[in-house]
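Structure record follows, encoded as structure tokens.
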Amino acid sequence: MDTSRDERSLGQLFGELSRQTGELVRHEVALARTELGQKASEVGKDVGFLAIGGAVAYAGLLAIIAAVIVLLANVVPWWLSALIVGVVVAGIGYVLVQKGLSALKKQNMAPKQTLDTLKEDAEWAKQQVR
């Protein structure tokens with residue numbers, strides 16, 4: 009292509025714009041994949057720690073619950089002791105689950121960088137058409 013930028017035909021300009029737009033879209037898709045992959049990896053790691061920590065804490069909690077039931081059974085009947093402890097533990101569990109769900113909901117999974125560059129790309133495309 010020895011023709012200067014000013015000598016290209018309208019068809020050539022649209023062809024170049026089409027090629028550049030296709031390349032831009034491919035780059036944006038690759039960026040979105042990378043960004044979403046990183047976010048998914050972070051959330052997956054956090055959920056893994058949550059699950060492992062929960063399992064270990066659960067084992068310790070069962071031992072503590074058994075001890076509290078035995079101690080409380082010296083004052084009230086066994087069935088009432090188990091019921092009281094069970095209700096208290098279930099209430100604590102509910103609060104913890106709600107806290108975990110709230111923290112996960114705060115995670116912004118939108119590919120912010122990709123959305124920002126898409127806005128820039130739209131502005132660039134408008135300028136190219138002018």
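Residue numbers (my numbering): 9 to 138. Ideal Cβ placement from N, Cα and C applies to all residues, glycine included.
Unbroken alpha helix (DSSP H) runs of length 4 or more, entirely within the segment 9-94: which are they?
DSSP runs (the alpha helix (DSSP H)) wholly in the segment 9-94: 18-80.
**Pairwise C-alpha distance: A65 and Q115** = When rounded, the distance between both Cα atoms is 24 Å.
Hey, out of A98, A133 and E131, whose CA is closest to L70's CA? L70 has its Cα closest to that of A98, out of A98, A133 and E131.
I think Q136 touches L25, with their Cβ atoms under 8 Å apart; what is that distance to the nearest whole Å? The Cβ separation is near 6 Å, so the contact holds.
Original post:
How would you call T42, buried or exposed, if buried means at least 16 neighbouring beta carbons within 10 angstroms?
Top reply: T42 is exposed by the Cβ-count criterion.
Cβ contact (3+ pairs, closer than 8 Å) linking the segment 81-99 and the segment 117-129: Verdict: no, contact absent.
* Asked: Does DSSP put Q115 in a helix, in a strand, or in coil?
  -> Coil, per DSSP.
* Does the distance from the C-beta atom of M117 to that of K53 stay below 7 Å? -> The criterion of a C-beta distance shorter than 7 Å is not satisfied by M117 and K53.
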